[in-house]
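Peer 1:
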Amino acid sequence: MQSWFLEESPELCGPMATTFKKQEYIRIFVDLYYLNKDIQREIYPIVSMDCILTEFLNAKVFNIIDANAGFWQIMMHPEFSALTTFIAPFARFKSKQLPFGIRSAPEVFQKSIRECLKCLNGVVRLMYEFVAYG
């Protein structure tokens, strides 16, 4: 397993499943349905393209930066990490980083990115991408 998982052995855990990702590798995912039922989404505005188009009016150069696997840049508190435990055929694991599939992950990610970028001029965020312009 990659370094974003820790071995764990709590009593409750979610089921693991696998799928092929573009036939290049196998993706492991966890059914977080029951966990998500108890998670309240954080109210945080997700920026839309309509809201930022005016910032691009005088820009001549643009660069799009993809935040691929951006959720994994956000470390989970150990207390909550145990809630992400899943069972595999050979062990139980929990996520150290914010996993995809957590109901509140998009808002948590957007809030973290906004904090990181707040002092930079000419950079805006669009969900999982950033646009640097000038």
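Quick note on numbering: the numbering used here labels position 38 of the sequence shown as 39, and the sequence is numbered without any gaps. Even for Gly, the Cβ is constructed at its ideal location relative to N, Cα and C. Just so you know, these numbers come straight off a predicted model, no measurement behind them.
Looking at the structure shown, is D51 part of a helix, part of a strand, or coil, going by DSSP?
Peer 2: helix
Peer 1: By how many angstroms is the C-alpha of F30 removed from the C-alpha of A18?
Peer 2: 5 angstroms
Peer 1: What number of angstroms, rounded off, separates the C-alpha of A83 from the C-alpha of V109?
Peer 2: Answer to the nearest angstrom: the Cα atoms are 18 angstroms apart.
Peer 1: Expressed to the nearest angstrom, what Euclidean distance is found between the alpha-carbon atoms of N37 and A92?
Peer 2: 23 angstroms
Peer 1: So, is T20 buried or exposed, given that buried needs 16 or more other C-beta atoms within 10 angstroms?
Peer 2: exposed
Peer 1: Please classify A106: is it buried, with 16 or more other beta-carbons within 10 angstroms of its beta-carbon, or exposed?
Peer 2: buried
Peer 1: Nearest-angstrom Cα distance between L127 and S113?
Peer 2: 13 angstroms
Peer 1: Does DSSP put K22 in a helix, in a strand, or in coil?
Peer 2: Judged by DSSP in its simplified three-state form, K22 adopts strand.
Peer 1: Under the assumption that M77 contacts Q111 (Cβ atoms under 8 angstroms), give the Cβ distance between them as a whole number of angstroms.
Peer 2: Their Cβ separation, rounded to whole angstroms, is 17 angstroms, which puts M77 and Q111 out of contact at 8 angstroms.
Peer 1: Across which residues does DSSP place L127 in a beta bridge pair?
Peer 2: E130
Peer 1: For D32, which residues from the same chain have a beta carbon less than 6 angstroms from its beta carbon, with the 5 sequence-adjacent residues on both sides left out?
Peer 2: G15 and P16
Peer 1: Among residues of its own chain, excluding the 5 on either side of F101, which ones have a beta-carbon nearer than 7 angstroms to its beta-carbon?
Peer 2: If we look at F101 and ignore the five residues flanking it on each side, its Cβ neighbours are F72.
Peer 1: Going by DSSP in three states, G15 sits in which element: helix, strand or coil?
Peer 2: strand
Peer 1: So I66 and E130 are supposed to be a Cβ contact under 8 angstroms. How far apart are they, rounded?
Peer 2: 6 angstroms
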